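In what follows, a single structure is set out as C-alpha cells and then discussed.
Here it is, written out as C-alpha cells:
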C-alpha cells in the first residue's frame, strides 16, 4: 500500500476481464483457532483494545489526506472509514487509518474480512499487513502483504499484492494479481488470506486471487521470503496519491466510505 508505481498499476489493469486463477478457498483448517476478531457489533468509537487510530498527515505516496480519530466509527454493525473533503494540517482531505501494531500480531494463519469499497474517483482503499518484527530491515526488506487494494477511478477491479526485497512495486515486479468485482458498486465482498510456513494465498469471494510459494531453496532467503515473523493489520482509505490519484480526484463525490462488516484471524492452535 505504501507505494505503487504507475507501471505496476498499468500492468495490474491490463489483465483479462474478470479472470480468475481457478482454485477455491479451502476454508478454516481443523487445527486453527480464533485469535482475533472484531464483529463491529456495538455502535460508537472504534475499540481501542483492538485498534490504534493513526493521527496526522499522510507522508507517503503523494496522498492528500490527514488521518484523524474522528473519521472512523462503528454504526449499524459495520466499521465506517470516511474520507471527507476538508482541510486539516495542510492537507485537503481527512480520513482514517487503523492498525493493530500495539494490540495484535500473528505469524501464519487465516485472515477473513467482509468489506464494501467506495467508488469515488481519487479514493484508494486497502486492507494489508506490515511486519511487527523488522529484523530483515525497513520497508520493503521485511515484506508487505496487501490482501486488497482498490482505486475509485477503476471501481470494478480489486488487487492483491505481495512485496519482498526481491519482488516489489518499486522494481515493477511485485507478486500481484487482480480480479473483477461482481455485483453492484459498493457491494460487500469477502476477502481471505491464507498464510503458512511456505506459501501465501489470497481469495476473493471464495476464488483464488493471488498466490506466492517460493522454491524450497529460497525459503531461507529473507530477500525472497521474509514472511516468517509476526505481522499486524492495517486498514485505511487514502485520497489521491501515486495510484489512487492517477486520474485526478473528484472532490464533489466526497464524503466517501469504506465499510467493514467483520475482521477475523485464525491461527494454528500451537501458535495461539
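Numbering (my numbering), first residue to last: 3 to 274. Heads up, the beta-carbon is just placed ideally off N, CA and C, and yes, glycines get one too. Treat the numbers as computed from the prediction; the structure is a model and nothing was measured.
**OP:** Round the Cβ separation of residue 211 and residue 162 to the nearest angstrom and send it over; I've been treating them as touching at under 8 Å.
**Re:** Contact between residue 211 and residue 162 holds, with the beta-carbon distance rounding to 5 Å and staying under 8 Å.
Subject >> Outcome for residue 204 when other beta-carbon atoms lying within 10 angstroms are tallied against a minimum of 16 >> reply: Here residue 204 is buried. Its C-beta has 16 or more other C-beta atoms within 10 Å.
**OP:** Can you give me the Cβ contacts of residue 110 inside the same chain, cut-off strictly under 7 Å, excluding the 5 residues immediately before and after it?
**Re:** Around residue 110: 197, 198, 199, 269, 270 and 273.
**OP:** List in chain order: all unbroken beta strand (DSSP E) runs of 3+ residues lying wholly within the segment 80-144.
**Re:** The segment 80-144 contains these whole beta strand (DSSP E) runs: 80-90, 93-97, 99-101, 111-118 and 125-133.
Subject >> Residue closest to residue 99, alpha-carbon to alpha-carbon, out of 88, 106, 82 and 92 >> reply: Proximity to residue 99 across 88, 106, 82 and 92 peaks at 82, based on C-alpha coordinates.
**OP:** Just confirm the distance between the C-beta atoms of residue 124 and residue 242, as a whole number of angstroms; I'd bet it's less than 8 Å.
**Re:** The C-beta distance from residue 124 to residue 242 rounds to 5 Å, short enough to fall under 8 Å.
Original post:
Terminal residues of the continuous beta strand (DSSP E) containing residue 197?
Top reply: Residues 190-197.
Original post:
Does the Cβ-Cβ distance between residue 152 and residue 195 come in under 9 Å?
Top reply: In terms of Cβ geometry, residue 152 and residue 195 do not form a close pair [threshold 9 Å].
Subject >> Exposed unless 16 or more other CB atoms sit within 10 angstroms - verdict on residue 73 >> reply: Counting Cβ neighbours within 10 Å, residue 73 comes out buried, since at least 16 surround it.
Subject >> Nonlocal neighbours in the same chain, by C-beta distance under 6 Å from residue 64, ignoring five residues either side >> reply: For residue 64, the CB contacts under 6 Å within the same chain, skipping 5 residues up- and downstream, are 243 and 244 in chain order.
**OP:** Return the residue from the list 46, 264, 248 and 113 that minimises the CA-CA distance to residue 156.
**Re:** When the alpha-carbon of residue 156 is set against those of 46, 264, 248 and 113, the nearest one is in 248.
Original post:
Whose CA, out of 52, 37 and 88, lies closest to the CA of residue 254?
Top reply: Restricting attention to 52, 37 and 88, the CA atom closest to the CA of residue 254 is found in 88.
**OP:** Could you please give me the residues that DSSP links to residue 221 through a beta bridge?
**Re:** None; residue 221 has no bridge partner.
**OP:** Counting only the same chain and skipping the five closest in sequence on each side, list residues whose C-beta sits under 6 Å from that of residue 229.
**Re:** If you ignore the 5 residues before and after residue 229, its C-beta comes within less than 6 Å of the C-beta of 145, all in its own chain and listed in chain order.
Original post:
Considering residue 266, what are the terminal residues of the beta strand (DSSP E) in which it resides?
Top reply: Looking at the DSSP string, the run of the beta strand (DSSP E) that includes residue 266 is 258-270.
Original post:
To the nearest angstrom, how far is it from the Cα of residue 240 to the Cα of residue 70?
Top reply: The alpha-carbon atoms of residue 240 and residue 70 are separated by roughly 12 Å.
Subject >> Three-pair Cβ contact test at 8 Å for the segment 175-182 versus the segment 212-228 >> reply: The segment 175-182 vs the segment 212-228: in contact.
Subject >> beta strand (DSSP E) segments (min. 3 residues) lying fully within the segment 147-209 >> reply: Along the segment 147-209, the beta strand (DSSP E) occurs as fully enclosed runs of 3 or more residues at 159-165, 177-182, 190-197 and 202-206, listed in sequence order.
Subject >> C-beta contact flag for residue 80 and residue 262 at 9 Å >> reply: Contact check for residue 80 against residue 262 passes: the beta carbons are separated by less than 9 Å.
Original post:
Starting from residue 234 and walking both ways along the beta strand (DSSP E), at which residues does that stretch end?
Top reply: First-last of the beta strand (DSSP E) with residue 234: 233-241.
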